[in-house]
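With full-length UniProt numbering applied, the sequence shown covers 1 to 141. Heads up, the beta-carbon is just placed ideally off N, CA and C, and yes, glycines get one too. Following: one structure in structure tokens, then a few remarks.
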Amino acid sequence: MWFKREMFRPSHTTAESNKRPSIFRGLIFAMLAGVSFSIVSMIATLMKNLHPGQLAMYRFIATFVTSMPEVAKIGQNPLGPLEFRFILVLRGIFGGLNLFLAFVSFRYLGLAEASVIIFSSPVVITIFARVLFKEPCNIFQ
């Protein structure tokens, strides 16, 4: 394997490493993300007068504006560490393409059909996590 999962994790200070992540907090954030994407999907379906590229651009601008204060607060380079820039650019390209294609799919399919196809990604992600990162895969996953 040419990469390791730990390779992409930033280094933490001792105070940050003493905090234990809560699975319940993660579940709440994941549910909020699902609800917010559902709301965005409904809004994108209603906005038939804007091109999907315009919808994606407004989302990118809003994401940039809302995330910059946090980046400024932590005092790190907004472009990320030099050794991670390539993977960050790839993540940005595929994330932007994902969002744009999701908005395009809402034009050609009904909201329910497009959402079912888009939200089927956990199956693919579970397979990738098992194969690439050797994560456990049992009945709970």
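- Contact annotation: the stretch 50-57 does not touch the stretch 113-124, with fewer than three C-beta pairs closer than 8 Å.
- Between the alpha carbons of I125 and M42 lies a gap of roughly 24 Å.
- At a Cβ-Cβ threshold of 8 Å, L111 and R59 do not count as neighbours.
- In the three-state reduction of the DSSP assignment, L55 falls in the helix class.
- DSSP, read as helix, strand or coil, puts M68 in helix.
- The C-beta separation of L55 from F103 comes to about 5 Å, placing the pair in contact by the 8 Å criterion.
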